[in-house]
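Chemist: I am attaching a structure below and will ask some questions about it afterwards.
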Amino acid sequence: MSSEDQQIREIRVHPIENGTVIDHINAGQALNVLKILKIPSSSSRVVSVLINAPSVHGRKDVVKIEGRELNVEEVDKIALIAPNATINIIRDFEVSEKDIVHIHSQIEGVVRCINPNCISNSNEPVTSKFAVSSNGRRTILRCSYCERIISDDIGEHLL
Numbered sequence: 001m002s003s004e005d006q007q008i009r010e011i012r013v014h015p016i017e018n019g020t021v022i023d024h025i026n027a028g029q030a031l032n033v034l035k036i037l038k039i040p041s042s043s044s045r046v047v048s049v050l051i052n053a054p055s056v057h058g059r060k061d062v063v064k065i066e067g068r069e070l071n072v073e074e075v076d077k078i079a080l081i082a083p084n085a086t087i088n089i090i091r092d093f094e095v096s097e098k099d100i101v102h103i104h105s106q107i108e109g110v111v112r113c114i115n116p117n118c119i120s121n122s123n124e125p126v127t128s129k130f131a132v133s134s135n136g137r138r139t140i141l142r143c144s145y146c147e148r149i150i151s152d153d154i155g156e157h158l159l
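Counting in UniProt numbering, the sequence shown runs from 1 upward without gaps.
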């Protein structure tokens, strides 16, 4: 195959001048990242999404958002579904900051308990609370009230 044929077959994602690149998202979680960021409803900016892209460690997703930097609450939520993600802040086409997400040992008011009978799901003024643990690829949440565990589809339970 000629280099010209190779170039035609390559998928190209253009660099961004300013914004955020979220890299090393667990494969299949990019759409949950978009949900956390309330995209597309909150944004008229250009967003690029790579799903199941080849990586040194298997497969990954990548999200690029032009003209927007993430806030701490958004990064904390992303960490729950993508514990190995990196957040790259782009300014003038260069990476000006690169951070690895961190998972907190406790979270409050971020996730809804899966137990419909949990007090945090009642009409009582109780904020959901979870103890958080991770083995690097998987995050495990344990409700502080009813002890119910959430380890699958955490993105579906985000508030």
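We treat Cβ as the ideally placed atom computed from N, Cα and C, and that holds for glycine.
Following a CB-centred definition, is Gln-29 positioned closer than 7 Å to any heavy atom of the ligand ATP?
Modeler: Looking for the ligand ATP in the displayed structure turns up nothing, as the structure carries no ligands at all.
Chemist: Bridge partners of Ile-94, per DSSP?
Modeler: Here the sequence assigns Glu to residue 94, which means Ile is not the residue at that position. DSSP lists Arg-91 as partners of Glu-94.
Chemist: Looking only at its chain, what residues have a beta carbon closer than 8 Å to the beta carbon of Val-126, apart from the 5 residues adjacent to it on each side?
Modeler: Contacts found: Ile-119, Ser-120, Tyr-145.
Chemist: Would you give the residue range spanned by the alpha helix (DSSP H) that Ala-131 belongs to?
Modeler: Looking at the DSSP string, Ala-131 is not in any alpha helix (DSSP H); the run it does join, the beta strand (DSSP E), is 129 to 134.
Chemist: If I follow the unbroken alpha helix (DSSP H) through Asn-32, where does it start and stop?
Modeler: 30 to 36
Chemist: Among Asp-61, Arg-138, Pro-116, Asn-135, which one has its Cα closest to the Cα of Ser-128?
Modeler: Out of Asp-61, Arg-138, Pro-116, Asn-135, the CA that lies nearest to the CA of Ser-128 is found in Pro-116.
Chemist: Would you kindly work out how many angstroms separate the C-alpha atoms of Arg-138 and Pro-83, rounded to a whole number?
Modeler: 7 Å
Chemist: Taking Leu-50 as part of the beta strand (DSSP E), name the residues at either end of that continuous run.
Modeler: 47 to 55 is the extent of the beta strand (DSSP E) around Leu-50.
Chemist: Which of the three DSSP states, helix, strand or coil, is assigned to His-75?
Modeler: First, the residue type needs correcting, since residue 75 is Val and not His in the sequence shown. Looking at Val-75 - three-state DSSP - the assignment turns out to be helix.
Chemist: Between Glu-66 and the rest of its own chain, which residues show a CB-CB distance below 6 Å, the 5 nearest in sequence each way excluded?
Modeler: Here Glu-66 has Ile-16, Gly-19, Arg-45, Val-46 as same chain residues with Cβ atoms under 6 Å from its own Cβ, once five neighbours each way along the sequence are excluded.
Chemist: Grab me the residues of Asn-26's own chain with a C-beta within less than 6 Å of its C-beta, minus the 5 sequence neighbours each way, in chain order.
Modeler: Ala-82
Chemist: Distance, Cα to Cα, Val-95 vs Asp-153?
Modeler: 31 Å
Chemist: Tell me whether Asn-32 is buried or exposed, calling it buried when 16 or more other Cβ atoms sit within 10 Å of its Cβ.
Modeler: buried
Chemist: Would you report the Cα separation of Asp-99 and Leu-80, rounded to the nearest angstrom?
Modeler: 15 Å
Chemist: Going along the chain, which residues of its own chain have a beta-carbon closer than 8 Å to the beta-carbon of Glu-74, five neighbours each way excluded?
Modeler: Ile-36, Leu-37
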